[in-house]
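Written below as structure tokens is the structure these notes are about.
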Amino acid sequence: ADLRRLDLSPEVPATKEAITALAEADAIILGPGSFLTSIMPPLLLPELGKAIAANTKAKVIFVANLSPEYGPAGRMTMAQKLEWCERACQGRKI
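Residue numbers (the working numbering): 130 to 223.
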């Protein structure tokens with residue numbers, strides 16, 4: 130079955146430093162790395178998604194892995210990965 134949802138439990142707060150860094154960034158780069166274990170977990174923190182969405186001056190860039198991923202993430206298309214990131218960032222286009 131395809132992966133449809135990823136949760137973080139218990140929910141933890143983002144650090145003030147991370148929120149400030151995202152608010153002040155000129156570019157926000159997601160990746161490269163394992164999509165489900167490196168890229169998505171920070172985006173599951175609501176404050177980080179909100180901070181990325183709020184910084185409209187920053188370019189948000191997704192860097193895909195050079196080598197293939199295995200497991201559920203390996204079966205996801207680039208469009209699906211971007212949609213997951215955008216949903217976590219309150220609809221902010223990547």
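Ideal Cβ placement from N, Cα and C applies to all residues, glycine included.
Is the beta carbon of residue i sitting closer than 9 Å to the one on residue j?
{"i": "Ala-193", "j": "Ala-152", "result": "no"}
{"i": "Lys-186", "j": "Asp-136", "result": "no"}
{"i": "Leu-165", "j": "Pro-142", "result": "no"}
{"i": "Leu-195", "j": "Pro-161", "result": "yes"}
CB-CB under 8 Å to residue i, same chain, minus the five flanking residues each way: which ones, in chain order?
{"i": "Pro-139", "result": "none"}
{"i": "Met-169", "result": "Leu-135, Trp-213, Cys-214, Ala-217"}
{"i": "Gly-203", "result": "Pro-197"}
{"i": "Lys-222", "result": "Val-189, Glu-215"}
I'd like the list of long-range same chain contacts for residue i, defined as Cβ closer than 7 Å, with 5 residues on each side in sequence excluded.
{"i": "Ile-158", "result": "Ile-190, Val-192"}
{"i": "Gly-176", "result": "Looking at the sequence itself, residue 176 is Glu, so the reference to Gly does not match. Around Glu-176: Pro-142, Ala-143, Ile-148."}
{"i": "Ser-167", "result": "none"}
Using only the alpha-carbon positions, how far apart do residue i and residue j sit?
{"i": "Ala-182", "j": "Asp-131", "result": "27 Å"}
{"i": "Ala-150", "j": "Met-207", "result": "26 Å"}
{"i": "Glu-198", "j": "Glu-146", "result": "31 Å"}
{"i": "Gln-209", "j": "Thr-144", "result": "28 Å"}
{"i": "Met-205", "j": "Trp-213", "result": "10 Å"}
{"i": "Gln-224", "j": "Arg-133", "result": "A question about residue 224 goes unanswered here, because the residues of the chain that appear run from 130 up to 223."}
Apart from the five residues on each side of it in sequence, which residues of its chain come closer than 6 Å, Cβ to Cβ, to residue i?
{"i": "Tyr-217", "result": "For clarity, residue 217 is Ala in the given sequence; the question names Tyr instead. Only Leu-172, Gly-178 meet the Cβ criterion."}
Can you give, in chain order, each stretch of the alpha helix (DSSP H) that sits fully within the stretch 142-177 and has at least 4 residues? You should have 145-153, 169-172.
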